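Protein chains: 2
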Amino acid sequence: MKKKGFSFSDHLEITGIDGLPEIKEGDDLTSLFFDALEEKKMTLEDHDAIVFTSKIISKSEGRVVNLSVVKVSEAAERIAKETEKDPKIVQLILNEAKEIVRMMKNHIIVETEHGFVCANAGVDESNVEEGKAVLLPKDPQRSAERLKKEIEKQSGKEISVLISDSFGRAFRDGVTGTCIGVSGIPALLDRRGEEDRFGKIARITKEAVADEICAAANLVMGEFKEGMPIVLVRGLKLERSESNIKEILFKKEDDLFR
Amino acid sequence: MKKKGFSFSDHLEITGIDGLPEIKEGDDLTSLFFDALEEKKMTLEDHDAIVFTSKIISKSEGRVVNLSVVKVSEAAERIAKETEKDPKIVQLILNEAKEIVRMMKNHIIVETEHGFVCANAGVDESNVEEGKAVLLPKDPQRSAERLKKEIEKQSGKEISVLISDSFGRAFRDGVTGTCIGVSGIPALLDRRGEEDRFGKIARITKEAVADEICAAANLVMGEFKEGMPIVLVRGLKLERSESNIKEILFKKEDDLFR
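Top to bottom, those sequences are chains A and B. Numbered per numbering that gives the first Met the number 0, the first sequence spans residues 0 to 257. Numbered per numbering that gives the first Met the number 0, the second sequence spans residues 0 to 257.
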């Protein structure tokens, strides 16, 4: 069988890493992660995937906005009226957006400057002090690369880092953990050319493993009070790869739903 | 903290159950599952979630079509030309579809009779003998309910059953494991009303846990030769629920992308 950067795991362990303090701008997440890991008496192994919730990345990188200083444009006022949303939040969404994809009451779906299609450009008022909102990390792909490098240096192990946010989907209700930055493993596993159990060659299957890993992590991450901001996924057998989350994002012209 | 059918797990184990024979129409999947479990020297525990790939459900329920007997309609001929697909496969897609959602070269996205929006109505020629195609189960929700009942009866444990298929998405390339039938746990976790870590009340978050569990399972399931047709997810702490996969499916009029 032709393998393309992949062999099957038959067992995964997914462990929430808690015990981190409330994250502030400038905090060293790598060092806080190792402290929390030590607290759990765990050490890293080769192939471990470490999933960070985007929120602590954003907080450590200072991507928290005090709503009282937001100046609302006319466009934001108008859209706020149409969608019945807070004008200051709408302003932040517009600041983060490359393009509005869909808009209706309570909903503004945009493509962010990074290329993610999501609600509210990821601007979120949960798990932050009243009167503040958290933006997505400025460059979550670079944040993932930096964290991977730092964690590998300190541990001496070959690991991967993924950054996860909760995004809604078309066709189906509810959010799922979704990858916004990945370093060390492929974002997308290209399985074209593999044989099936009858020896036929697969023609079209690409598997979005980075999103599946973030979805799995979200089952222990949680979004509220007891949430786990970091999750360790152990047992993956993905080949190491210099990937980029952009591989997973459809260009607008290739997207059947834009 | 107000809890709604949920407490957080901090550790999940995901185990592939292999060693099943090639599945034929009429096979008793419950009994084959217990044989495979015994072979791995495992027993079930309360709260275990058992994820079945839709393909073995389909095969056991006789949802395999011999392409040589498919009669191609004029509509299928026309669409086959437009999309450059096999006319017989197109005919099967039309048979399974309630409505065509998008169509272009190599792509036919439909809403199936069940209400799933997916490519090719789930009609799939992989992992079946040459000249045959596998359809989605006729009523995967009912299949999940039946399997859950049988497995609970035989094990004496309170478990859940999910049926998973690999679906593509809007906006992002690649397929992910996606739930098409669930029994025993909620499809969608309604977290509105929960407090965040600053005591603010969540207003909109519903988490599609059934899809996240199927995505997690897909990381060990694989789709090709060494694939694991059944995956055990241990450690979930979801409240028991008489749910239905329909809860997760947007009605067309509520879907921003149709």
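Where is the CB? At the ideal position from N, CA and C, for every residue including glycine. All of these numbers come straight from a predicted model, not from anything done at the bench.
Chain B within 8 Å of residue i, Cβ atoms only
i        : result
Ile212/A : yes
Phe33/A  : no
His10/A  : yes
Ile55/A  : no
Arg239/A : no
Val71/A  : no
Asn243/A : no
Asp254/A : yes
Ile13/A  : yes
Ile247/A : yes
Gly183/A : no
For residue i, the nearest candidate out of the options (CA to CA)
i        : options                                   : result
Ala48/A  : Gly25/A, Arg141/A, Lys156/A and Glu98/A   : Lys156/A
Lys131/A : Ser67/A, Gly176/A and Asn94/A             : Ser67/A
Lys147/A : Val133/A, Leu28/A and Ala216/A            : Leu28/A
Ile88/B  : Ser30/B, Asn105/B and Ser182/B            : Asn105/B
Glu128/A : Val64/A, His10/A, Asn94/A and Leu11/A     : Val64/A
Leu237/B : Ala216/B, Phe256/B, Lys245/B and Ala186/B : Ala186/B
Lys84/B  : Ile55/B, Glu144/B, Ala118/B and Glu241/B  : Ala118/B
Phe264/B : His113/B, Met227/B, Ile184/B and Ser72/B  : With chain B covering 0 to 257 only, the question about residue 264/B has no answer from this structure.
Leu231/B : Glu241/B, Ala214/B, Val174/B and Lys70/B  : Ala214/B
Leu135/B : Val69/B, Ser159/B, Glu60/B and Gly198/B   : Glu60/B
Ile278/A : Val208/A, Thr177/A and Thr175/A           : Residue 278/A lies beyond the stretch modelled for chain A, which goes from 0 to 257, so this question has no answer here.
Lys23/B  : Arg62/B, Glu95/B and Arg196/B             : Arg62/B
His46/B  : Val219/B, Ile212/B, His10/B and Ile158/B  : Ile158/B
Ser240/A : Glu144/A, Lys251/A, Arg196/A and Glu149/A : Glu144/A
Arg196/A : Phe170/B, Met227/B, Arg196/B and Arg171/B : Met227/B
Val50/A  : Arg233/A, Leu235/A and Ile229/A           : Ile229/A
Ser8/B   : Gly15/B, Ile212/B, Val219/B and Lys97/B   : Ile212/B
Phe115/A : Gly167/A, Ser57/A, Lys205/A and Phe33/A   : Gly167/A
Ala35/B  : Pro20/B, Asp26/B and Gly25/B              : Pro20/B
Leu161/A : Ser53/A, Thr42/A, Lys205/A and Leu11/A    : Ser53/A
Ile55/A  : Leu235/A, Lys137/A, Asp189/A and Arg171/A : Lys137/A
Pro86/A  : Ala74/A, Ala96/A and Lys97/A              : Ala74/A
Interface flag, residue i vs chain A, CB-CB below 8 Å
i        : result
Ser125/B : yes
Thr111/B : no
Ile162/B : no
Asn65/B  : no
Arg196/B : yes
Leu36/B  : no
Lys224/B : Its pLDDT being 49, under 50, Lys224/B is placed unreliably in this model, and the coordinates cannot settle the point.
Gly18/B  : no
Leu91/B  : no
Ile108/B : yes
Met41/B  : no
Val219/B : yes
Arg62/B  : no
Leu146/B : no
According to DSSP, residues forming a beta bridge with residue i
i        : result
Ser165/B : Gly176/B
Gly52/B  : The amino acid at residue 52/B is misidentified as Gly; the sequence shows Thr. Answer is Ser163/B.
Asp189/A : Lys205/A
Ala132/B : Val64/B
Thr42/B  : According to DSSP, Thr42/B bridges with nothing at all.
His10/A  : Thr14/B
Ala120/B : Paired residue(s): none; Ala120/B is not in a bridge.
Arg171/B : Leu248/A
Ser182/B : Val160/B
Glu144/B : DSSP lists no partner for Glu144/B.
Ile229/A : Ile16/A and Phe51/A
Ser240/A : Gly183/A
Cutoff 8 Å; reference residue i; Cβ partners in own chain excluding five residues on either side
i        : result
Met260/B : Residue 260/B falls outside the range modelled here, since chain B spans only 0 to 257, and no answer is possible.
Lys1/A   : A caution first: Lys1/A carries a pLDDT of 35, below 50, which makes its placement in the model unreliable, though a value can still be read off. Hits under 8 Å: Gly192, Glu193 and Glu194.
Asp253/A : none
Ser72/B  : Gln90 and Leu93
Asn243/A : Gln140, Val181 and Ala186
Glu38/B  : Gly18
Ser165/A : Val174, Thr175, Gly176, Thr177, Asn217 and Glu222
Residues near residue i in its chain [Cβ-Cβ closer than 6 Å; skip 5 each side]
i        : result
Glu246/A : Ala186 and Leu187
Gln153/A : none
Asp210/B : Thr177 and Cys178
Lys58/B  : Ile22
Gly15/A  : Val219, Met227 and Val230
Same chain, Cβ closer than 7 Å to residue i, neighbours up to 5 away in sequence not counted
i        : result
Phe256/B : Ala169
Lys224/B : Caution is warranted here: a pLDDT of 49 is assigned to Lys224/B, below 50, making its placement in the model unreliable, and the coordinate value is therefore given only provisionally. So no residue of the chain qualifies.
Glu44/A  : Lys156 and Arg233
Report task. Please go through the region 66-114 of chain B and give each complete alpha helix (DSSP H) segment of 4 or more residues, from N-terminal end onward. Result -> 73-82 and 86-95
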